[in-house]
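Participant: Below are the structure tokens for one structure; questions will follow.
Protein chains: 2
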Amino acid sequence: MLECERKVEVVMNIKGFKFAAVEAAIKKPGRLDFALIVSEVPAAVAAVYTANKVKAAPVLLDMERTRGGSCRAVVVNSGNANACTGGQGMADARETTGLVAAELGIEEEAVLVASTGVIGVPLPMARLRSGVPPLVAGLAGGTLDDVARAIMTTDTYPKLEQRSGSIDGVPYTIAGVAKGAGMIMPNMATMLAFLVTDAAVDPAWLRHVFAEGIDSSFNAISVDGDMSTNDTALIMANGAAGNVPLTGASAAAAEFSRLLNEVLLALAQQIVRDGEGATKFVEITVKGARDNSEAKRAALTVANSLLVKTAFFGQDANWGRIFAAVGYSGADVDPERTELFFDDVQMVKGGVFAGGDAEARGTEVLRKKEFAVTVDLHLGNGRSTVYTSDLSYDYVKINADYRT
Amino acid sequence: MLECERKVEVVMNIKGFKFAAVEAAIKKPGRLDFALIVSEVPAAVAAVYTANKVKAAPVLLDMERTRGGSCRAVVVNSGNANACTGGQGMADARETTGLVAAELGIEEEAVLVASTGVIGVPLPMARLRSGVPPLVAGLAGGTLDDVARAIMTTDTYPKLEQRSGSIDGVPYTIAGVAKGAGMIMPNMATMLAFLVTDAAVDPAWLRHVFAEGIDSSFNAISVDGDMSTNDTALIMANGAAGNVPLTGASAAAAEFSRLLNEVLLALAQQIVRDGEGATKFVEITVKGARDNSEAKRAALTVANSLLVKTAFFGQDANWGRIFAAVGYSGADVDPERTELFFDDVQMVKGGVFAGGDAEARGTEVLRKKEFAVTVDLHLGNGRSTVYTSDLSYDYVKINADYRT
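First to last, the sequence lines map onto chains A and B.
According to UniProt numbering, the stretch in the first sequence is residues 1 to 404, in order.
According to UniProt numbering, the stretch in the second sequence is residues 1 to 404, in order.
What follows is the structure in structure tokens.
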């Protein structure tokens with residue numbers, strides 16, 4: 001993993017939310033593994049789930065429960081994904097939310113649940129049952145930072161980001177926590193992200209703006225191209241700030257949308273930097289595509305290519321591998337128009353090597369820990385940026401040695 | 001790479017074909033790198049090329065020249081892919097075929113060309129020009145085995161396969177050579193395969209049966225999921241055996257088709273076994289899919305998953321990663337019906353862990369050098385088998401260290 005400067009020193013107050021995390025003995029001793037986020041009043045909720053057809057029990061349950069657009073709490077465990085656990089898994093997910101609801105004195109249907117960790121093993125329900133009372137008691141003194149720590153699996157640092165803004169003079173905060181990219185985690189799991197804001201937001205618009213933000217953040221990162229059974233990103237907006245509810249057609253809404261996107265993108269980038277074995281953080285932009293969707297397809301194909309990722313690890317300015325990946329991405333490509341840059345060093349012009357000192361200067365760029373790859377297809381206005389890491393010995397080691 | 005028993009001890013005679021290979025100093029000293037296959041009479045030809053939109057010059061030239069369904073010769077160089085070389089690349093490809101045609105005294109349009117090796121660097125034409133006369137002179141004593149050696153790049157052994165059959169008592173042979181899977185070769189390149197047969201075959205039917213055979217052989221293997229700019233597979237049928245030309249509607253045609261498929265599959269499997277850094281050879285079958293195309297998509301997604309490949313390398317019976325890859329493949333999946341086997345050990349039943357001693361027995365299977373993974377979706381009659389290798393430290397090393 002690449003080191004990541006933690007910009008969040010002090011967690012801001014997010015009105016009307018409480019947080020808690022405890023050790024429920026699902027993971028190894030000494031690590032938080034059971035967390036809770038509660039809103040004091042019903043909050044508008046928007047969520048995006050894994051597109052995997054094999055969905056874990058908590059995902060299936062939350063999909064039902066977020067349909068109404070409102071919720072009160074989210075309970076999360078790490079150490080066990082409750083995936084491929086059949087009917088027992090659904091019963092366990094329901095029971096967990098029921099226990100939390102009873103302890104909080106709210107309706108079970110207002111409680112969401114998320115899990116991350118080992119797949120195919122039933123949840124250790126005895127431990128979860130014992131964990132619920134101390135978890136709820138912990139709301140008195142917990143922070144969002146505790147939640148960030150409790151949802152970690154192979155993450156090497158907690159991921160937290162926040163922004164504040166104001167609406168007609170009313171201050172509000174958007175804060176969020178996240179863990180592990182796609183399926184970079186051994187034995188599966190999972191990207192989880194939980195955002196909270198005390199701004200009042202119209203539920204329908206919240207769904208729209210959240211889905212859009214996810215598209216250019218969590219859906220624009222790739223560590224290994226695998227997709228988990230448990231991916232869940234959600235935002236709760238409880239209105240405790242007291243503003244007039246935001247909808248799409250205002251300057252305040254545009255500002256909220258910008259801050260939300262900043263939080264989402266920062267969390268997504270933290271995930272890539274902390275990718276298993278990562279030694280490089282690479283921003284890949286494809287522009288000049290027929291449309292944005294072709295640009296994204298091409299950028300993700302480059303980001304997922306093993307040959308490209310190993311070349312990044314080897315600090316090899318191997319533009320040919322990138323060029324070939326764009327070619328098989330399915331995006332429309334005219335090789336004779338295509339240009340390719342490492343940072344501002346042009347490697348390819350009109351489909352052929354730019355020559356001169358491009359090789360030497362391009363290699364200098366790849367020696368950096370962070371750099372940008374830009375491919376210009378010169379076919380239209382489509383543009384997309386994705387973020388990825390390299391593929392190192394350590395990635396293979398981490399993922400091959402698990403359970404041995 | 002996995003060791004591969006070479007079954008071909010003596011190259012059979014393939015009537016009316018001549019072969020040659022020389023050192024043209026494109027690669028390091030001591031290695032053949034320039035090869036030629038010539039038919040004494042015009043041969044029916046069928047070819048399949050890379051689907052990459054970035055196609056190397058020789059591919060573009062051959063696509064034009066094979067449209068007529070007939071050719072006389074194929075000239076091949078290794079060490080340089082003549083890809084992303086612009087107008088100069090096309091001129092060089094044409095010149096190479098022109099030189100060979102002149103030396104052979106045949107039409108330039110009857111000569112095909114293929115290249116594999118470094119991308120983005122112009123062909124060393126001075127060396128190719130000097131190489132043509134000795135190459136053509138070598139036809140007097142060359143063999144198909146020489147061609148197999150000359151097209152190697154990071155391949156650790158030559159790949160050659162042959163079968164013989166008879167049509168109404170007339171004996172014939174199908175033989176073929178191949179190199180490197182997909183883009184497993186550093187700095188790009190390429191899967192090349194050249195087959196020859198002395199059977200007389202109707203050109204239209206040859207195209208049909210060859211494309212079909214490719215689909216379940218070269219298009220059913222994966223080492224790293226990357227696709228080269230140079231992939232080319234072609235077959236020449238010169239009719240020197242003297243049989244009545246084969247078309248689809250006869251027992252003899254069915255026999256020819258079966259033998260052709262055997263040669264193609266054997267070559268494709270040799271390529272996977274010789275995959276960079278491979279320590280495992282894995283046959284992945286998805287059955288019970290809605291249709292064959294969904295089955296193939298699911299099988300290839302499993303074969304290309306980094307998490308699955310690293311688990312194979314780690315000998316970890318991690319069925320969850322396979323299950324999840326099937327889930328995000330795009331194929332229709334009902335988790336509650338899905339079954340998964342390592343060889344004959346059932347790991348998953350009704351979407352959940354089969355329990356008992358499956359873990360221990362499954363791990364035993366994964367310790368073998370070769371094993372089968374079978375996923376039964378229980379949704380229809382679609383079925384597909386693909387072949388893949390694991391992802392080892394050595395894969396990363398070979399592909400990261402290139403050019404450094």
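No residue lacks a Cβ here, since even glycine has one placed at the ideal position from N, Cα and C.
If we count the other Cβ atoms within 10 Å of its Cβ and call it buried at 16 or more, is A241/B buried or exposed?
Facilitator: buried
Participant: Does any residue of chain A have a CB that is nearer than 8 Å to the CB of V352/B?
Facilitator: yes
Participant: Using a Cβ-Cβ cutoff of less than 7 Å, which residues in the same chain neighbour E109/A once the five nearest sequence positions on both sides are dropped?
Facilitator: R65
Participant: Could you work out which residues of chain C lie near L391/A, taking near to mean beta carbons separated by less than 7 Å?
Facilitator: Here the protein chains are A and B, and chain C is not one of them.
Participant: With a threshold of 16 other CB atoms inside 10 Å of the CB of L112/A, please say whether the residue is buried or exposed.
Facilitator: buried
Participant: Anything in chain A within Cβ reach of S222/B, meaning under 9 Å, just list it in chain order.
Facilitator: Per Cβ cutoff of 9 Å: no residues; S222/B is ~11 Å from chain A at best.
Participant: With distances taken from CA atoms, which of A199/B, R367/B, G320/B, V396/B is nearest F256/B?
Facilitator: A199/B
Participant: Using 8 Å for Cβ pairs, my map puts T197/B next to I167/B. What's the rounded Cβ distance?
Facilitator: Actually they are not in contact, since the Cβ atoms of T197/B and I167/B sit about 11 Å apart, beyond 8 Å.
Participant: Could you check whether the Cβ of D376/B sits closer than 7 Å to any heavy atom belonging to the ligand MG?
Facilitator: In the structure on display, the ligand MG does not appear, and there are no ligands present to speak of.
Participant: Using the Cβ count rule (16 or more neighbours within 10 Å means buried), how would you classify D231/A?
Facilitator: buried
Participant: If we ignore side chains and look at the alpha-carbon of each, how far apart do V75/A and L61/A end up?
Facilitator: 12 Å
Participant: Evaluate K15/B with the Cβ neighbour count: other Cβ atoms within 10 Å of its Cβ, from every protein chain shown; 16 or more gives buried, anything less gives exposed.
Facilitator: Counting Cβ neighbours within 10 Å, K15/B comes out buried, since at least 16 surround it.
Participant: Closer than 8 Å, Cβ to Cβ, to anything on chain A: give me those residues from the region 269 to 282 of chain B, in chain order.
Facilitator: Listed by position along the chain: nothing, the set is empty.
Participant: Using C-beta distances below 6 Å, list every residue in its chain close to L36/A, excluding the 5 sequence neighbours before and after it, in chain order.
Facilitator: A20, V75, L135
Participant: Do V132/B and F313/A come within 8 Å of each other at the CB atom, strictly closer than that value?
Facilitator: No, Cβ-Cβ distance for F313/A and V132/B is not below 8 Å.
Participant: Can you check whether the C-beta of M188/B is within less than 8 Å of a C-beta belonging to chain A?
Facilitator: No answer about M188/B holds up, because its pLDDT of 39 lies below 50 and its placement is not dependable.
Participant: Need the endpoints of the alpha helix (DSSP H) that Y172/B sits in, please.
Facilitator: From DSSP, Y172/B is part of no alpha helix (DSSP H) but of the beta strand (DSSP E) over 170 to 179.
Participant: At least one CB of chain B closer than 8 Å to the CB of K53/A: is that the case?
Facilitator: yes
Participant: Could you tell me whether the Cβ of M191/A comes closer than 8 Å to any Cβ of chain B?
Facilitator: No, no contact with chain B.
Participant: Tell whether a beta-carbon distance below 8 Å holds between E262/A and R163/A.
Facilitator: yes
Participant: Distance, Cα to Cα, Y328/B vs T50/A?
Facilitator: Going by C-alpha positions, Y328/B is about 9 Å away from T50/A.
Participant: Run through chain B and tell me which residues come within less than 8 Å of Y172/A, C-beta to C-beta.
Facilitator: Ordered by position in chain B, no residue passes the 8 Å Cβ test against Y172/A, which lies about 36 Å from the chain.
Participant: On the criterion of 16 or more Cβ atoms from any shown chain inside 10 Å, does P335/B qualify as buried, or is it exposed?
Facilitator: When all chains shown are included, P335/B counts as buried.
Participant: Does the beta-carbon of G320/A have 16 or more other beta-carbons within 10 angstroms, so that it is buried, or is it exposed?
Facilitator: G320/A sits buried, since 16 or more C-beta atoms from the chains shown fall within 10 Å of its C-beta.
Participant: Within the same chain, show all residues whose beta-carbon is closer than 7 Å to that of L300/A, passing over the 5 residues directly before and after it, in chain order.
Facilitator: S222, V386
Participant: Name the DSSP bridge partner or partners of Q162/B?
Facilitator: A175/B
Participant: Compute the Euclidean distance between the alpha carbons of V177/B and A220/B, then round it to the nearest angstrom.
Facilitator: 17 Å
Participant: How is the alpha helix (DSSP H) around I271/B delimited, first residue to last?
Facilitator: 251 to 273
Participant: Closest to K27/B by C-alpha separation, out of N80/B, I106/B, G350/B, would be which residue?
Facilitator: N80/B
Participant: Between which two residues does the alpha helix (DSSP H) containing I214/B stretch?
Facilitator: 203 to 215
Participant: Pair every Cβ in the region 80 to 93 of chain A with every Cβ in the region 50 to 59 of chain A, then say whether three or more of these pairs are closer than 8 Å.
Facilitator: yes
Participant: Using 8 Å as the limit for Cβ to Cβ distance, is T119/B near chain A?
Facilitator: Inspection of the sequence shows that residue 119/B is occupied by Ile rather than by Thr. Interface residue, yes.
Participant: Taking the beta carbon of Q270/B as the centre, do at least 16 other beta carbons fall within 10 Å, making it buried, or is it exposed?
Facilitator: buried
Participant: Just checking my contact of V302/A with F342/A at CB under 8 Å: how many whole Å lie between their CB atoms?
Facilitator: With a Cβ gap of about 12 Å, V302/A and F342/A do not count as contacting.
Participant: Based on the DSSP output, what are the partners of I167/B in its beta bridges?
Facilitator: V170/B
Participant: Under the assumption that C71/B contacts M236/B (Cβ atoms under 8 Å), give the Cβ distance between them as a whole number of angstroms.
Facilitator: 7 Å
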